[in-house]
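In short: position in the sequence shown from 1, add 6, done, that's the working numbering.
Where is the CB? At the ideal position from N, CA and C, for every residue including glycine.
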Amino acid sequence: MNIVILLGAPGSGKGTIAGRLAAEHPELRHVSSGDLLRGAVAKGTEAGKAAKAAMEAGQLVADELIATMIKDVIAETTGDVTMLLDGFPRNVRQAEILEAIGAPVKSVVLVDVPDAVIADRIAGRRTCPQCKAGYHIHALPPKVEGVCDKCGAKLVIRKDDNPDTVKDRLQVYHAQTEPLIAYYEAKGLLRKIDGDQGPEKNAAAFFAVM
Ligand code: AMP
Numbered sequence: 007m008n009i010v011i012l013l014g015a016p017g018s019g020k021g022t023i024a025g026r027l028a029a030e031h032p033e034l035r036h037v038s039s040g041d042l043l044r045g046a047v048a049k050g051t052e053a054g055k056a057a058k059a060a061m062e063a064g065q066l067v068a069d070e071l072i073a074t075m076i077k078d079v080i081a082e083t084t085g086d087v088t089m090l091l092d093g094f095p096r097n098v099r100q101a102e103i104l105e106a107i108g109a110p111v112k113s114v115v116l117v118d119v120p121d122a123v124i125a126d127r128i129a130g131r132r133t134c135p136q137c138k139a140g141y142h143i144h145a146l147p148p149k150v151e152g153v154c155d156k157c158g159a160k161l162v163i164r165k166d167d168n169p170d171t172v173k174d175r176l177q178v179y180h181a182q183t184e185p186l187i188a189y190y191e192a193k194g195l196l197r198k199i200d201g202d203q204g205p206e207k208n209a210a211a212f213f214a215v216m
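Listed below in structure tokens is the structure:
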């Protein structure tokens, strides 16, 4: 098993890239920390209860809480698999935790998108609550409006995708997550792609450098 980390702001489209690539390549597995946390909230587990308020406010949940979930997924993943790790690490401390558990990070790909583009993207974002597929009302619409192509569930707007929370999430990204760019650059692991080329080209560009 090895790991490719997706680095980028909320709304950079890194989840869409990982989802697309995992659907095309059986050896790739998309692991999203946000999806793990939303799953825990929906199930009402202790971790979910502890994470809920921070998530709804667009803040980060406690490092230990999400790190434990990620460690469990890594421990369960064996064989010839490349994990596309999306949303973790989110700060330098989490990167250090990942390193301390000896996770085999092969590369870190920054999906680069300007903030102004992101605000517009998030406003149009729709998500399948069942299979987690992502859509956009203009850039990546479902075949039938409001309905997931893959599983037929009714699409939703994520609670933390409202404009005020998005501002907070971008602020958190710049303050806490962006330092990871220098962190991984210093380790010689960082690659960068332009994340504003459309879903197909973004995914192809990512695959070419990962
Ligand atoms: P995402 O779907 O990756 O945008 O994550 C949604 C929310 O889950 C974030 O705004 C945070 O509240 C929380 N979250 C996801 N991943 C992490 C992480 N690695 N560390 C802390 N909080 C996280």
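Just confirm the distance between the C-beta atoms of residue i and residue j, as a whole number of angstroms; I'd bet it's less than 8 Å.
i    : j    : result
G93  : M7   : About 18 Å; that fails the 8 Å criterion.
V215 : V115 : 6 Å
G64  : T171 : 4 Å
M75  : L42  : 5 Å
S18  : V117 : 4 Å
I23  : F212 : 5 Å
Mapping DSSP to helix, strand and coil, what is residue i?
i    : result
K149 : coil
M75  : helix
I124 : helix
H36  : strand
D200 : strand
T22  : helix
E66  : Checking the displayed sequence, the identity of residue 66 turns out to be Leu instead of Glu. It is coil, neither helix nor strand.
T171 : helix
H31  : coil
Taking the alpha helix (DSSP H) that residue i falls in, what are its first and last residues?
i    : result
M61  : E52 to E62
V215 : P205 to V215
I107 : Counting along the chain, I107 falls outside any alpha helix (DSSP H), and DSSP gives it neither H nor E.
A192 : P185 to A192
Opposite residue i in the DSSP bridges: which residues?
i    : result
K160 : V153
N8   : T88
D41  : None; D41 has no bridge partner.
V114 : I11 and L196
Along the beta strand (DSSP E) that carries residue i, what are the first and last residues, could you check?
i    : result
Y141 : G140 to H142
T133 : R131 to T133
Does the count of Cβ pairs from the segment 162-171 and the segment 123-142 closer than 8 Å reach three?
-> yes
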